[in-house]
Structure formats: structure tokens, C-alpha cells
Amino acid sequence: VFLKAGIGMVAEDDWESHRQLCFELFNLCAEVEYILGSFESMRGHLEHVLLRARTVEEKLPAYFILVQSLGTQLLVGDAIDTASKVLAQLGETFPSTLSQSEVVQEIIVTKAMLQAKSEDDLANMKPMLDGEKKEAMRF
Numbered sequence: 151v152f153l154k155a156g157i158g159m160v161a162e163d164d165w166e167s168h169r170q171l172c173f174e175l176f177n178l179c180a181e182v183e184y185i186l187g188s189f190e191s192m193r194g195h196l197e198h199v200l201l202r203a204r205t206v207e208e209k210l211p212a213y214f215i216l217v218q219s220l221g222t223q224l225l226v227g228d229a230i231d232t233a234s235k236v237l238a239q240l241g242e243t244f245p246s247t248l249s250q251s252e253v254v255q256e257i258i259v260t261k262a263m264l265q266a267k268s269e270d271d272l273a274n275m276k277p278m279l280d281g282e283k284k285e286a287m288r289f
């Protein structure tokens with residue numbers, strides 16, 4: 151109720167003068183609508199955010215909510231497509247198709263990399279500092 155009341159008070163020029171507040175308000179309302187299963191209302195709020203966002207960083211919270219909601223609605227293909235597009239904008243690309251042997255090879259390489267590290271090595275790794283890489287990990 152309070153979020154919708156706040157959204158009802160947002161004027162077009164508020165997206166310039168109170169930009170961060172508007173993004174937070176609309177994203178939070180979209181997240182609540184997602185949790186409540188009101189996907190149509192959620193999409194409306196996300197559209198406001200995505201239309202007004204100027205940078206990928208401003209779009210990320212909305213895309214994260216959208217990807218989660220697509221998965222919840224069992225629209226897994228759409229969720230993967232959307233997440234792939236977001237990851238590409240963050241500089242992380244993946245091949246659209248892989249053979250089973252390519253997947254197995256990547257698993258073997260990853261497993262070997264992990265086996266070369268002890269639990270202490272992993273626990274004592276430096277935290278990731280690159281903000282875009284951290285955001286990519288969410289997807």
C-alpha cells in the first residue's frame with residue numbers, strides 16, 4: 151500500500167530530480183509484486199525502470215527481478231535468454247550451443263582447478279572487487 155502510494159506521487163520530473171529514489175521505489179514495488187505473484191503489475195513497474203534507465207547498472211535490479219519471476223513462472227527459456235542478454239551487456243558471453251563433449255571437458259577443467267586448491271586456499275581468497283563481475287555472478 152505504501153509503495154503504491156509513493157509511486158502514485160511520482161511526477162515525471164522526479165525521475166530527474168530524485169532519480170535514485172524513483173528507481174528504488176519502483177524496483178522495490180516490482181519485487182513485492184513478484185513475491186505476491188502479481189506478475190502483470192510487476193512487469194509494469196519494471197517497464198518504468200527499464201525505460202528510464204540510462205546505464206546497465208541502473209537496469210540490473212530490474213533485470214534480476216525479471217529473471218527470477220520468469221523462472222518462478224516456469225518460463226525457463228525466457229529466463230535464460232534474458233539472463234544471457236544481461237550477462238552479454240556485462241561483458242560475459244557464452245556460446246549458444248555446446249556439445250556434450252564440450253560440457254564434459256569444461257567440467258573436467260573446472261574440477262582440476264578446484265582440486266588444486268585446498269579448503270583453506272578457497273576460504274582465504276581475496277574478495278571480488280570488480281562490481282560488474284559481482285553483478286554477473288548474481289545472474
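The sequence shown begins at 151 in the numbering used here and counts up by one. Where is the CB? At the ideal position from N, CA and C, for every residue including glycine. Bear in mind the structure is a predicted one, so any value in this text is a computation, not a measurement.
Cα-Cα separation between residue i and residue j, rounded to whole angstroms
| i | j | result |
| --- | --- | --- |
| glutamine 268 | glycine 156 | In the sequence as presented, glutamine is not what sits at residue 268; that position holds serine. Taking the straight line joining both Cα atoms gives about 51 angstroms. |
| glutamate 208 | asparagine 177 | 10 angstroms |
| isoleucine 258 | methionine 159 | 55 angstroms |
| glutamine 265 | glycine 281 | 27 angstroms |
| valine 151 | proline 277 | 39 angstroms |
| threonine 243 | valine 253 | 16 angstroms |
| aspartate 271 | methionine 263 | 12 angstroms |
| leucine 210 | proline 245 | 22 angstroms |
| aspartate 231 | alanine 161 | 33 angstroms |
| lysine 261 | leucine 175 | 42 angstroms |
| lysine 283 | aspartate 163 | 33 angstroms |
| leucine 186 | glycine 241 | 33 angstroms |
| lysine 235 | methionine 275 | 29 angstroms |
| leucine 279 | methionine 287 | 12 angstroms |
| glycine 227 | arginine 204 | 27 angstroms |
Closer than 6 angstroms: residue i CB and nearest the ligand HEM heavy atom
| i | result |
| --- | --- |
| lysine 261 | Looking for the ligand HEM in the displayed structure turns up nothing, as the structure carries no ligands at all. |
Residue i classed as buried or exposed, judged by whether at least 16 other C-beta atoms fall within 10 angstroms
| i | result |
| --- | --- |
| phenylalanine 173 | buried |
| glutamate 285 | buried |
| alanine 233 | buried |
| glutamate 256 | exposed |
| valine 199 | buried |
| leucine 224 | exposed |
Chain-order list of residues whose beta-carbon lies under 7 angstroms from that of residue i (same chain, five-residue window excluded)
| i | result |
| --- | --- |
| proline 196 | The question names proline, but residue 196 in the sequence shown is leucine. So the list reads Ala180, Ala212, Ile215, Leu216, once near-sequence residues are dropped. |
| glycine 221 | Ala229 |
| valine 182 | Leu153 |
Cutoff 7 angstroms: residue i Cβ touching any chain B Cβ
| i | result |
| --- | --- |
| alanine 286 | In the displayed structure, chain B is absent; only one protein chain is listed. |
Proximity of residue i and residue j at Cβ, strictly below 7 angstroms
| i | j | result |
| --- | --- | --- |
| tryptophan 165 | arginine 193 | no |
| phenylalanine 289 | leucine 248 | no |
| glutamine 239 | valine 206 | yes |
| serine 219 | phenylalanine 189 | yes |
Cβ shell of residue i (< 8 angstroms), same chain only, five flanking positions each side left out
| i | result |
| --- | --- |
| tyrosine 184 | Met192, Ile215, Gln218, Ser219, Thr222 |
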